[in-house]
Amino acid sequence: MTLVYAGLTSHAPGMTGRAHMVENTNERDLLYAALDQQRQEIQDSGAEALIVVAAEHFANFFMDNMPAYCIGIGEYHVGPIEDPAWLKIEKTTIPGAPALAGAIAQEVLQSVDIAYAEEWKCDHGIMVPLHFLTPKYDLPIIPMNINCQGPPLTPLSRAWAFGEAVRRACDASSSKIALIGTGGISHWPATPDSGKINEAWDREFLDRLTRQDKAALLSYTDSETYQDAGQGGFEIRTHIAAAAAAGGPCHVQFYTANLPIFAVGCTVARFSVH
Amino acid sequence: MSLYQVQKLLYNLNRDEQCKEQYTNDKMTLLRSYDLTDDEREALSQGDIGLLYVMGVNGQILMHYAAFLGIEWFDYLELMRKGITEHGPVRAGVYAMTGGGRSFTKEREIS
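Heads up: the protein sequence lines correspond to chains X and E, in order. Numbering of the first sequence is given in numbering that gives the first Met the number 0, commencing with residue 0 and proceeding in unit increments. Numbering of the second sequence is given in numbering that gives the first Met the number 0, commencing with residue 0 and proceeding in unit increments.
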């Protein structure tokens with residue numbers, strides 16, 4: 000078993016870019032402490048590479064050729080694409096893991112038709128998690144993207160199958176690998192409703208992860224998610240894939256809906272890897 | 000409408016340094032290289048966040064564009080609301096306003 004860590008973390012440009020605007024600084028600092036604990040747990044796992052299952056925002060892919068799933072197999076990645084002053088993360092180069100990522104992509108293809116990319120630009124969806132979890136950018140990263148931006152979207156059952164395939168690929172490797180799924184639960188980002196969060200919906204989703212209730216996790220329809228959790232809710236695919244990869248229940252280490260300036264309910268969680 | 004072309008221009012602008020340079024130094028040449036209507040070209044020329052939002056530009060693409068233009072966060076949210084007031088509901092995509100125009104961010108009151 001070479002998947003040594005699996006977890007979840009939220010991403011949002013506000014988590015770094017608007018940190019100075021936060022009214023509830025105590026809650027913000029509790030979030031940052033939970034993220035630092037997650038950083039330490041990944042480090043303690045001995046991980047030699049970190050898979051980031053992300054939901055990008057048009058950093059690499061556009062509607063001219065949008066893959067449902069893509070794995071980054073390049074030697075390095077660059078980011079953020081955003082204005083560094085806006086995101087408050089400097090532009091940097093992040094090491095990739097080309098041999099390992101290539102082997103994982105090959106194994107995943109046994110059951111899921113993915114795309115791959117030797118070039119990868121990171122937006123806040125990856126840069127914000129890395130800012131907290133590998134702040135020196137010294138851990139090789141394997142980015143994986145699930146299109147969550149808009150329909151046509153990959154079904155949740157396929158996101159689960161993708162996670163299982165990634166897990167099989169990790170288990171076929173001798174490297175120690177950590178995996179993070181990053182996305183929002185309910186949120187309405189990049190609309191005038193930014194800051195709107197359906198806390199009850201979030202907690203129900205997290206409960207389904209905690210109960211490891213696959214049927215319940217896969218029962219959401221996209222129209223229900225859009226209605227109850229906003230277009231940002233489509234990003235639950237990253238969490239579902241991470242849950243499938245981990246194979247064990249989720250332990251929610253931190254959740255708050257009380258930082259609306261970040262435009263998302265903020266989650267930090269760890270899975271038991273079974 | 001050629002919303003796809005509007006978004007394609009902004010997608011390239013958001014992620015490509017040369018495209019940003021051209022937007023800054025020779026905007027009209029850049030705009031002419033995409034199949035845009037006069038309204039779309041004007042909205043992009045003026046950086047009209049409200050109208051582009053109503054046209055249905057994906058919110059993530061528009062948010063990055065607003066940041067590139069140097070628009071402050073709460074001004075950006077207000078420009079989208081103003082776009083709804085002036086031009087009506089969002090015409091396409093999944094980034095519609097659902098909250099009636101109210102603010103969901105407490106910090107707005109103290110910013």
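For each residue, glycine too, the CB sits at the ideal point set by N, CA and C. All values reported here derive from a predicted model rather than from experimental measurement.
Chain X contact for residue i (CB, 8 Å cutoff)
i               : result
Y3 of chain E   : yes
S110 of chain E : Since pLDDT at S110 of chain E reaches only 41, below the 50 mark, its modelled position is unreliable, and no value is offered.
G92 of chain E  : yes
F103 of chain E : yes
E106 of chain E : yes
G100 of chain E : yes
T97 of chain E  : yes
Residue i classed as buried or exposed, judged by whether at least 16 other C-beta atoms fall within 10 angstroms
i               : result
G25 of chain X  : Note that residue 25 of chain X is Asn in the sequence shown here, rather than Gly. Answer is exposed; the Cβ neighbour count stays below 16.
D37 of chain E  : exposed
E108 of chain E : Its pLDDT being 48, under 50, E108 of chain E is placed unreliably in this model, and the value from its coordinates should be taken loosely. E108 of chain E is exposed by the Cβ-count criterion.
E106 of chain E : buried
A5 of chain X   : buried
T23 of chain E  : exposed
D96 of chain E  : Here the sequence assigns Met to residue 96 of chain E, which means Asp is not the residue at that position. Buried.
N57 of chain E  : buried
E234 of chain X : buried
D112 of chain X : exposed
Beta-carbon separation (whole angstroms), residue i vs residue j, contact threshold 8 Å
i               : j               : result
I72 of chain X  : Y136 of chain X : The Cβ separation is near 18 Å, so there is no contact.
L138 of chain X : L49 of chain X  : 5 Å
R221 of chain X : W200 of chain X : As written in the sequence, residue 221 of chain X is Asp, which differs from the Arg given in the question. Actually they do not touch by this definition, with Cβ atoms about 14 Å apart.
I303 of chain X : P94 of chain X  : Outside the shown range of chain X, which is 0 to 273, sits residue 303 of chain X, and nothing can be said about it.
F67 of chain E  : L29 of chain E  : Their Cβ separation, rounded to whole angstroms, is 13 Å, which puts F67 of chain E and L29 of chain E out of contact at 8 Å.
T8 of chain X   : Y68 of chain X  : Between Y68 of chain X and T8 of chain X the Cβ distance is about 20 Å, and since that is not below 8 Å, they are no contact.
I239 of chain X : A168 of chain X : Actually they do not touch by this definition, with Cβ atoms about 17 Å apart.
G183 of chain X : K87 of chain X  : Rounded, the Cβ-Cβ distance is 19 Å, inconsistent with contact.
P191 of chain X : H123 of chain X : Not quite, the Cβ-Cβ distance comes to about 19 Å (not below 8 Å), so this is no contact.
T209 of chain X : C249 of chain X : 5 Å
Minimum Cβ-Cβ distance from residue i to chain E less than 8 Å
i               : result
S193 of chain X : yes
I88 of chain X  : no
A286 of chain X : Residue 286 of chain X lies beyond the residue range present for chain X, which begins at 0 and ends at 273; the question has no answer from this structure.
T24 of chain X  : no
I148 of chain X : Sequence inspection shows Gln at residue 148 of chain X; the Ile mentioned does not correspond to that position. By this cut-off, Q148 of chain X is an interface position.
I80 of chain X  : yes
A199 of chain X : no
T190 of chain X : yes
H76 of chain X  : no
A58 of chain X  : yes
M62 of chain X  : yes
N120 of chain X : This sequence places Lys at residue 120 of chain X; Asn is not what is there. With 8 Å as the cut-off, K120 of chain X counts as an interface residue toward chain E.
W159 of chain X : no
Proximity test, residue i beta-carbon vs the ligand ADP heavy atom, cut-off 7 Å
i              : result
L78 of chain E : Absent from the structure shown: the ligand ADP. Ligands present: none.
**Message:** Would you call the stretch 80 to 93 of chain X in contact with the stretch 32 to 42 of chain X, where contact means no fewer than 3 C-beta pairs closer than 8 Å?
**Reply:** These segments do not touch.
**Short-range partners of chain X found in the stretch 48 to 63 of chain E, where Cβ spacing is below 9 Å** = So the list reads Y52, N57, G58, Q59, I60, L61, M62 and H63, given in the order they occur along the chain.
**Request:** Could you please tell me which residues of the stretch 7 to 20 of chain E, in chain order, have their CB closer than 8 Å to any CB of chain X?
**Result:** The residues in question are K7, Y10, N13 and R14.
**Request:** Taking a Cβ distance cut-off of 9 Å, strictly less, list which residues of the stretch 19 to 47 of chain E are near chain X, in chain order.
**Result:** Flagged: no residues at all.
**Request:** Mind checking the stretch 223 to 237 of chain X against chain E and listing, in chain order, the residues whose C-beta falls within less than 7 Å of any C-beta there?
**Result:** Residues Y225 and Q230.
**Residues of the stretch 251 to 271 of chain X whose Cβ lies closer than 7 Å to any Cβ of chain E, in chain order** = Listed in sequence order: P259 and I260.
**Asked** Which residues, in order along the stretch 14 to 47 of chain X, keep a beta-carbon less than 9 Å from a beta-carbon of chain E?
**Response** The stretch 14 to 47 of chain X vs chain E, Cβ under 9 Å: G16, R17, M20, V21, E22 and N23.
**Message:** Give me the subset of the stretch 164 to 189 of chain X whose CB atoms are less than 9 Å from a CB atom of chain E, sorted by chain position.
**Reply:** Within the stretch 164 to 189 of chain X, the residues whose Cβ lies closer than 9 Å to any Cβ of chain E are, in chain order, W187, P188 and A189.
**Prompt:** Contact between the stretch 251 to 267 of chain X and the stretch 176 to 195 of chain X: three or more CB pairs below 8 Å?
**Reply:** Between the stretch 251 to 267 of chain X and the stretch 176 to 195 of chain X, the count of Cβ pairs shorter than 8 Å is three or higher; the stretches touch.
**Request:** Report yes or no: do three or more beta-carbon pairs, one from the stretch 87 to 94 of chain E and one from the stretch 46 to 65 of chain E, lie closer than 8 Å?
**Result:** The answer is yes - the stretch 46 to 65 of chain E touches the stretch 87 to 94 of chain E, with three or more Cβ pairs under 8 Å.
**Asked** Three or more C-beta pairs closer than 8 Å, one from the stretch 239 to 259 of chain X and one from the stretch 202 to 217 of chain X: is that the case here?
**Response** Yes: the two stretches touch, three or more of their Cβ pairs being nearer than 8 Å.
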